[in-house]
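Asker:
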Amino acid sequence: MALEQIILLAILTPFVGAAVIPFLGRYPNIRETLTLITAVVLVYFVYSLYPAVAEGQTPSVELLEMLPGLSIAFTVEPLGMIFAGIASFLWLITSVYSIGYMRGHHEENQTRFYAFFAVALGAAMGVAFAGNMLTLFIFYEVLTISTFPLVAHNGTDEAKRAGRVYLGILLGTSICFLLTAIIWTWTISGTLDFINGGLFTNDTSATVVAVLLALYAFGIGKAALMPFHRWLPAAMVAPTPVSALLHAVAVVKAGVFTILKVVVYIFGVDFLFELGASQWLQYVAAATILIASLVAMTKDNLKARLAYSTISQLSYIVLGAMLVTDLGIVGSGMHIATHAFGKITLFFCAGAFMVAAHKTEISQMHGIGKSMPITTTAFLIGSLSIIGLPPFGGLWSKWYLFLGALEADQVVLVGVMVVSSLLNVAYLLPIPFRGFFSDPGGNPLPEPCHPHDPEHDHTRDLDRPRGIKEAPAACLVAITVTSAGCLVLFFYPEPVYNLMQLIVAP
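Whatever position you read off the sequence shown (first residue = 1), add 10 for the working numbering.
(1) What span of residues does the beta strand (DSSP E) with M76 cover, start to end?
(2) Roughly how many angstroms lie between the CA atoms of R474 and L390, to the nearest whole one?
(3) When we look at the beta-carbon of K479 and count the other beta-carbons within 10 Å, is it buried (16 or more) or exposed?
(4) Between A162 and C485, what straight-line distance do the alpha-carbon atoms span, to the nearest angstrom?
(5) Which one of A488, P503, L499, L512 has the shortest CA to CA distance from Y107?
(6) Under DSSP, the alpha helix (DSSP H) around L181 begins and ends at which residues?
(7) Using C-beta distances below 7 Å, list every residue in its chain close to F412, excluding the 5 sequence neighbours before and after it, in chain order.
(8) Just checking, does the stretch 316 to 331 make contact with the stretch 65 to 74 on the three C-beta pairs under 8 Å criterion?
(9) How far does the beta strand (DSSP E) with A287 in it extend, from its first residue to its last?
(10) Once you ignore the five residues that flank V498 on each side, which residues in its own chain have a CB closer than 6 Å to its CB?
(11) Leaving out the 5 sequence neighbours to the left and right, which residues in its chain are closer than 7 Å to I441 when beta-carbon positions are compared?
(12) Can you list, in chain order, the residues of its chain whose CB lies under 7 Å from that of L180, leaving out five sequence neighbours each side?
(13) In chain order, what are the residue ranges of uninterrupted alpha helix (DSSP H) at least 4 long that sit wholly in the stretch 42 to 68?
(14) Express the C-alpha separation of W406 and A347 in angstroms, rounding to a whole number.
(15) What is the DSSP secondary structure of T85, reduced to helix, strand or coil?
(16) Ignore the nearest five residues each way along the sequence and tell me which others in S156's own chain have a CB closer than 7 Å to its CB.
(17) Suppose you measure from the CA of A172 to the CA of V247; what does that come to, to the nearest Å?
(18) Under the assumption that G343 contacts V506 (Cβ atoms under 8 Å), give the Cβ distance between them as a whole number of angstroms.
(19) Taking A287 and V219 to be in contact with their CB atoms under 8 Å, please state how far apart those CB atoms are, rounded to whole angstroms.
(20) So which of A350, I109, L73 has the shortest CA-CA distance to A260?
(21) Among V252, L102, A97, which one has its Cα closest to the Cα of G361?
(22) DSSP state of A314, grouped into three classes?
(23) Please classify D471: is it buried, with 16 or more other beta-carbons within 10 angstroms of its beta-carbon, or exposed?
(24) Is the stretch 261 to 268 in contact with the stretch 288 to 299, if contact means three or more CB pairs nearer than 8 Å?
(25) Please go through the same chain and pick out, in chain order, the residues whose beta-carbon is closer than 7 Å to the beta-carbon of I397, but skip the five residues on each side of it.
(26) Assuming H257 is part of the alpha helix (DSSP H), what are its boundary residues?
(27) Quick check on this structure: which residue in L202, P503, P383 has the alpha carbon closest to the alpha carbon of M76?
(28) How about F357 and H257: are their beta carbons less than 9 Å apart?
(29) When the Cα of T355 is compared with those of A245, C496, M236, which residue comes out closest?
(30) Which class does N142 belong to by DSSP, given the choice of helix, strand or coil?
(31) Report the three-state DSSP secondary structure of D419 (helix, strand or coil).
(32) In the DSSP assignment, what residue or residues form a beta bridge with L80?
(33) When you compare only the Cα positions, how much space is there between F363 and T370?
(34) Give every residue of the same chain whose Cβ lies closer than 7 Å to the Cβ of V86, excluding the five residues on either side of it in the sequence, and list them in chain order.
(35) Along the chain, where does the alpha helix (DSSP H) containing V487 start, and where does it finish?
(36) Can you tell which of V30, S98, I92, V422 has the C-alpha that lies nearest to the C-alpha of V51?
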């Protein structure tokens with residue numbers, strides 16, 4: 011099968027699944043089987059493209075020419091391959107998780123959930139494989155609109171308000187800022203194609219470049235740069251599978267992926283570095299990293315804490331892009347992958363705590379490691395990867411981001427990332443430690459006493475597991491796979507690293 015056909019099939023597959031799923035509402039087993047089959051087929055098509063891209067090829071296909079030089083077109087380059095590979099694989103894992111979660115939590119409107127989930131993944135594939143900014147913008151908007159029903163899934167007043175915030179900020183930023191930047195780019199360069207080295211020449215005014223870059227950075231609202239970040243914590247009212255994949259992987263990663271694409275292929279890394287136009291945005295990203303981390307520490311609701319953690323971690327990727335150094339770009343691309351596996355693990359665990367133990371607040375997590383040891387261990391693994399400690403994948407992406415900041419002579423930004431990592435420790439590790447090392451009443455576990463102590467039975471009562479009650483098996487399978495992914499990305503980061511090297515050293 012030709013690579014061009016595979017590209018179109020990869021984009022089309024989720025949409026076909028979404029078209030069929032609504033007719034299977036009366037047959038949940040068949041509906042969920044179709045969801046899994048669709049996800050497997052998507053993974054097959056996406057990974058069929060990897061060997062060619064890894065060898066330096068960029069297969070392309072033009073679908074429709076709208077104006078001379080302006081078409082709906084798709085190109086698979088290394089950065090898009092990374093995003094598509096992560097999103098497609100984690101859709102399969104999230105589909106498995108969703109079966110356990112949606113049934114275990116007795117969610118309503120499950121058929122609508124699975125259908126829009128598939129549409130969203132089709133849109134994510136369109137974003138990943140877009141050959142120009144016009145194509146990317148179209149699928150970017152489809153992704154926003156298709157995820158609105160998922161955010162407002164519960165139908166409560168809170169969910170509807172969250173949906174309005176979500177839609178208002180994402181559509182508002184993209185129409186007011188991003189679309190303006192795209193039209194302006196077209197008028198200056200005469201093209202919207204993604205080209206190595208960028209579209210602009212040295213004749214372009216530095217002021218124009220700086221304004222355009224700002225329009226792109228804030229117009230890509232899915233990157234959640236402050237002050238356009240409120241949609242992300244608002245969206246946490248959605249079911250956990252939505253929070254996990256769409257707001258830890260597909261939606262937010264579509265945002266930072268687009269920023270990387272714009273920096274590399276619209277402006278050009280060397281062009282921006284020479285102009286110094288991105289320097290002030292480095293500090294916007296740094297401020298977002300620190301402020302979001304500090305806010306995360308104040309949140310008792312687990313999903314809210316994870317939401318602000320995501321805002322902070324996304325700005326690591328934006329910061330790496332705005333450093334406009336080779337090592338910064340490599341670190342950003344790798345952080346897309348490592349953060350995806352670490353954060354989706356944490357969201358999966360948050361959902362498991364809610365389904366199995368009916369606990370949503372961190373203050374309720376005392377002793378939960380006794381009844382949910384697998385989930386709590388997975389949370390610890392995801393946390394360590396987000397922090398950037400070995401042997402977990404988050405180490406490598408943060409390492410290259412640190413090197414990128416040093417390459418740009420931005421020692422202050424290295425300090426920002428170090429402080430943020432310490433804040434990661436402060437707001438993530440107390441959760442598994444509380445789960446394993448305190449009793450359900452919030453007290454430290456007592457020291458082991460001698461077995462012949464007449465009071466032995468009473469003092470050991472607090473330390474005795476009160477029965478294992480983990481989440482449904484499908485949830486545990488998904489949690490185990492994503493936790494393992496955090497380890498695999500430490501010992502085997504080469505596929506992601508090598509693809510990023512093709513971008514900075516073509």
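For each residue, glycine too, the CB sits at the ideal point set by N, CA and C.
None of the values given here were measured: they were computed from a predicted structure.
Answerer: Reading it off the structure:
(1) As a working mapping, residue 76 is identified with position 66 in the sequence shown. Annotation for M76: the continuous beta strand (DSSP E) segment containing it runs 70 to 77.
(2) Residue 474 sits at position 464 when you count from the first residue of the sequence shown. Residue 390 sits at position 380 when you count from the first residue of the sequence shown. Any reading at R474 needs caution, since the residue's pLDDT is 42, under 50, leaving its predicted position unreliable; the model's value is listed next. In a straight line, the C-alpha of R474 is about 21 Å away from that of L390.
(3) Along the sequence shown, read from residue 1 onward, the residue named residue 479 stands at position 469. Classification of K479: exposed, given that the 10 Å Cβ count is below 16.
(4) As a working mapping, residue 162 is identified with position 152 in the sequence shown. As a working mapping, residue 485 is identified with position 475 in the sequence shown. Distance between the alpha carbons of A162 and C485: 22 Å.
(5) Walking along the sequence shown from the start, residue 107 turns up at place 97. Answer by Cα proximity: A488.
(6) To locate residue 181, count along the sequence shown from 1; it is residue 171. Run containing L181: 167 to 183, per the alpha helix (DSSP H) assignment.
(7) Counting from 1 along the sequence shown, the entry for residue 412 is found at position 402. Only V424, M427 meet the Cβ criterion.
(8) no
(9) Walking along the sequence shown from the start, residue 287 turns up at place 277. Segment: none, A287 is in no beta strand (DSSP E) and carries neither H nor E.
(10) What you label residue 498 is simply residue 488 of the sequence shown in a count that begins at 1. Around V498: no qualifying Cβ.
(11) Taking the sequence shown and counting its residues from 1, the one referred to as residue 441 is at position 431. Once the five neighbours on either side are set aside, the close Cβ partners of I441 are I372, M375, F389.
(12) One-based indexing of the sequence shown puts residue 180 at position 170. Once the five neighbours on either side are set aside, the close Cβ partners of L180 are T154, G231, K232, W241.
(13) 60 to 64
(14) Within the sequence shown, residue 347 is the residue found at index 337, counting from 1. Within the sequence shown, residue 406 is the residue found at index 396, counting from 1. Answer to the nearest angstrom: the Cα atoms are 11 Å apart.
(15) Position 75 of the sequence shown, counting from 1, holds the residue named residue 85. T85 falls in the strand class under three-state DSSP.
(16) As a working note, residue 156 is residue 146 in the sequence shown. These residues qualify, in order along the chain: F126, V129, A130, A133.
(17) Here residue 172 refers to the residue found at position 162 of the sequence shown. Here residue 247 refers to the residue found at position 237 of the sequence shown. When rounded, the distance between both Cα atoms is 7 Å.
(18) In the sequence shown, the residue the question calls residue 343 occupies position 333. In the sequence shown, the residue the question calls residue 506 occupies position 496. Yes, G343 and V506 are in contact; Cβ-Cβ is about 7 Å, under 8 Å.
(19) Sequence index remark: in the sequence shown, residue 287 carries index 277 (1-based). Sequence index remark: in the sequence shown, residue 219 carries index 209 (1-based). Contact flag correct, Cβ pair sits at about 5 Å.
(20) For the purposes of this step, residue 260 is identified with residue 250 of the sequence shown, where counting begins at 1. Out of A350, I109, L73, A350 has the C-alpha closest to the C-alpha of A260.
(21) Along the sequence shown, one-based indexing puts residue 361 at 351. It is V252 whose Cα lies nearest to the Cα of G361.
(22) What you label residue 314 is simply residue 304 of the sequence shown in a count that begins at 1. A314 falls in the helix class under three-state DSSP.
(23) Looking up residue 471 in the sequence shown gives position 461. Below a pLDDT of 50, predicted positions are generally treated as unreliable, and D471, at 42, falls in that range; the measurement from the model is reported next regardless. Burial call: exposed.
(24) no
(25) Residue 397 sits at position 387 when you count from the first residue of the sequence shown. Cβ neighbours of I397 beyond the five flanking positions: G404, S431, N434, V435, L438.
(26) Translated into the one-based positions of the sequence shown, residue 257 becomes position 247. Per DSSP, H257 belongs to no alpha helix (DSSP H) and is neither H nor E.
(27) The sequence position of residue 76 within the sequence shown is 66, counting from 1. Ranking L202, P503, P383 by CA distance to the CA of M76 puts L202 first.
(28) Counting from one through the sequence shown, the residue named residue 357 turns up at place 347. Counting from one through the sequence shown, the residue named residue 257 turns up at place 247. It is a contact, given that the beta carbons lie within the stated cut-off.
(29) Translated into positions along the sequence shown, residue 355 becomes position 345. Of the listed residues, the one whose Cα sits closest to T355 is C496.
(30) To locate residue 142, count along the sequence shown from 1; it is residue 132. Of the three classes helix, strand and coil, the one that applies to N142 here is strand, per DSSP.
(31) Indexing the sequence shown from 1 puts residue 419 at position 409. Here D419 sits in coil by DSSP.
(32) For the purposes of this step, residue 80 is taken as the residue at position 70 of the sequence shown. L80 is bridged by DSSP to L77.
(33) In the sequence shown, the residue the question calls residue 363 occupies position 353. In the sequence shown, the residue the question calls residue 370 occupies position 360. Their backbone Cα atoms lie some 7 Å apart in a straight line.
(34) Taking the first residue of the sequence shown as 1, we reach residue 86 at position 76. Within the same chain, V86 has close Cβ partners I17, L59, V63, T68, P69, F139.
(35) The count along the sequence shown starts at 1 and reaches residue 487 at position 477. Boundaries of the alpha helix (DSSP H) harbouring V487: 483 to 501, taken from the DSSP string.
(36) Here residue 51 refers to the residue found at position 41 of the sequence shown. With distances taken between Cα atoms, V51 lies closest to S98.
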